[in-house]
Structures are given as structure tokens and as C-alpha cells.
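Report on the structure given below.
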Amino acid sequence: MPTTRTSTPRSTRCWTSSTGRSSSTRKRSTTTGCARTERPLEPAPSRDAPELAAQTRNPTNCEWPQVEARPSMIDFHDLLHPSCARAGHRAASKKAALEHASEIIARAHPTLAPRRLLEGLLARERLGNTCLGDGVAIPHCRMPCDRPVAALLRLAVPLDFEAPDGQPVDLLFTLVVPDAEAQRHLDVLGALAQAFDLPSNRNMLRRAEDDAELRETLLRIVGRAAA
Numbered sequence: 429m430p431t432t433r434t435s436t437p438r439s440t441r442c443w444t445s446s447t448g449r450s451s452s453t454r455k456r457s458t459t460t461g462c463a464r465t466e467r468p469l470e471p472a473p474s475r476d477a478p479e480l481a482a483q484t485r486n487p488t489n490c491e492w493p494q495v496e497a498r499p500s501m502i503d504f505h506d507l508l509h510p511s512c513a514r515a516g517h518r519a520a521s522k523k524a525a526l527e528h529a530s531e532i533i534a535r536a537h538p539t540l541a542p543r544r545l546l547e548g549l550l551a552r553e554r555l556g557n558t559c560l561g562d563g564v565a566i567p568h569c570r571m572p573c574d575r576p577v578a579a580l581l582r583l584a585v586p587l588d589f590e591a592p593d594g595q596p597v598d599l600l601f602t603l604v605v606p607d608a609e610a611q612r613h614l615d616v617l618g619a620l621a622q623a624f625d626l627p628s629n630r631n632m633l634r635r636a637e638d639d640a641e642l643r644e645t646l647l648r649i650v651g652r653a654a655a
């Protein structure tokens, strides 16, 4: 009589948002199949240096790149100008939110043109969305500028950013980094992913009552990570 063989289905669970997360705080997906297979979060942008391209998400799209965040090397006070944090901003679409972020960055840093900023951010989004999940996105691009700059928006009404986890985005950290600063780009992305990974940090940002409190909350969060 031929022997009947049985096979055990492979596990369909996957790790999520692993940058800066220890094994004790990782969450497992409970849905069938990898819940984050829709679009690559960090594909190799054509303008980015090889160092950044090498840090892309794995082929199954289940993990953040294992980038070692070095927040102590990042001056977030300088990165996020006081006028570039907005609590309760209303935008009609993803593009409108990115346009507003581009405008407030350009007002704080007049050497940057808002139209070029928006074009760079949209070009990056076409390569793959920049959502972390849990209502957070970090749109970013590289441009000819002298230092990294950013804007932080907390949207009054969450928007569809085509996030892999399906959740609309209400926390939007827009980052612009000089073309030549590949490592700084990775450092900032790693520090932000680490900061946004904790639910308590996201909740504090969502409870901020005004622009100043939103910025100060972000600075406290990344400051604790650097301690």
C-alpha cells in the first residue's frame, strides 16, 4: 500500500515594522498571508545612492530595513523648524497634503522651491508608498539642498495613502535630504520609524493641542530614543 504523505502548511505570519523594534515588542500579523505585500515601502529610488538601495524591504514586504538608528547624531530641533509643524491640518487628498508640506518647508527654507519639492515627493511615491502603517507615513525625497529639512502634519481627517495595512494616514512626517547624504537619510528614517513604532508615542502626537505642542512632543520622543 503506498504511503500517504501529509504536509504542514507554511506559516503565513510575518513581522511588521521591525526597525528599532526588539523581539519583545514585535507584533505578528494575524491575517492569512503577508498583510504587507501590496507595494514595496522602500524600493531603490533611481536617484538614491547604493547605500540606501541596499536597505530596502525584503522581497516579501514583511519587514522594515534593519537600519541602525543613530538619533544622537541627528539634530531634530534644526531639522523640524517651528513653523513646519501643523496640528489639525485639513487636506482633501494625499497630493494636497504633500503640497501643503512642500509649501511650509519652502517658506521656512526659501532656497527650496515648493513646486520642485512636491515633484520630488510625488516621484518618490510613484516608486512605492512611504507608509509605516498604523496611520503613519514618512514621504521623503532627495534634492540639491544644504541640509535635511522636514515638516510634521497631523491631519484633521485621515487620508487614504494606499498603506499596506489599509489604515488611513493622519501622521505625516515629510523629509527632504541633500542628494549626497545617504547615511543621514537612513539615520533619520531609522530614528523616525523607531519613534513612530510605539503606540504611546503615536497617541501623544495625536493628542497634541496645537502646532507648538505637536513639535515639542516629537522632539521629546526622539530625545528619549537618543538617551
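Convert by adding 428 to the 1-based position in the sequence shown; the result is the number in our numbering.
Yeah, the Cβ is synthetic: ideal placement off N, Cα and C, and Gly gets one too.
Owing to the predicted nature of the structure, the values given are computational and were not obtained by experimental measurement.
Would residue i and residue j be called neighbours here (beta carbons separated by less than 8 angstroms)?
i: Leu507; j: Pro576; result: yes
i: Cys559; j: Ile532; result: no
i: Cys569; j: Ala541; result: no
i: Leu526; j: Pro592; result: no
i: Ala515; j: Ala636; result: yes
i: Leu603; j: Leu642; result: no
i: Leu546; j: Ser521; result: no
Going by DSSP, what residues sit across from residue i in a beta bridge?
i: Phe504; result: Answer is none; Phe504 lacks a bridge partner.
i: Phe601; result: Leu580
i: Arg656; result: A question about residue 656 goes unanswered here, because the residues of the chain that appear run from 429 up to 655.
i: Pro606; result: Met571
i: Leu587; result: Val597
Cα separation between residue i and residue j?
i: Leu555; j: Pro538; result: 27 angstroms
i: Arg648; j: Ala584; result: 22 angstroms
i: Leu549; j: Ala519; result: 16 angstroms
i: Pro606; j: Pro572; result: 5 angstroms
i: Arg630; j: Arg544; result: 30 angstroms
i: Asp574; j: Ala536; result: 14 angstroms
i: Pro627; j: Asp598; result: 14 angstroms
i: Asp615; j: His505; result: 15 angstroms
i: His517; j: Gly618; result: 25 angstroms
Which same chain residues, not among the five before or five after residue i, have their C-beta less than 8 angstroms away from its C-beta?
i: Pro596; result: Gly563, Pro586, Leu587, Asp588, Phe589
i: Asp640; result: Before going further, note that residue 640 is Ala rather than Asp in the sequence given. Hits under 8 angstroms: Pro510, Ala513.
In chain order, what residues of the same chain have a beta carbon less than 7 angstroms from the beta carbon of residue i, not counting five sequence neighbours either side?
i: Ser474; result: The pLDDT assigned to Ser474 is 39, lower than 50, so where the model puts this residue is not dependable; a value taken from the coordinates is nonetheless given after this. Excluding positions up to five away in sequence, the list is empty.
i: Leu620; result: Ile566, Phe601
i: Glu553; result: Pro567
Quick one: complete alpha helix (DSSP H) runs, 4+ long, within the region 620-650?
You should have 627-635.
Quick one: which unbroken beta strand (DSSP E) runs of 3-plus residues sit fully inside the region 519-569? Chain order, please.
Within the region 519-569, the complete beta strand (DSSP E) runs of at least 3 residues are 559-561.
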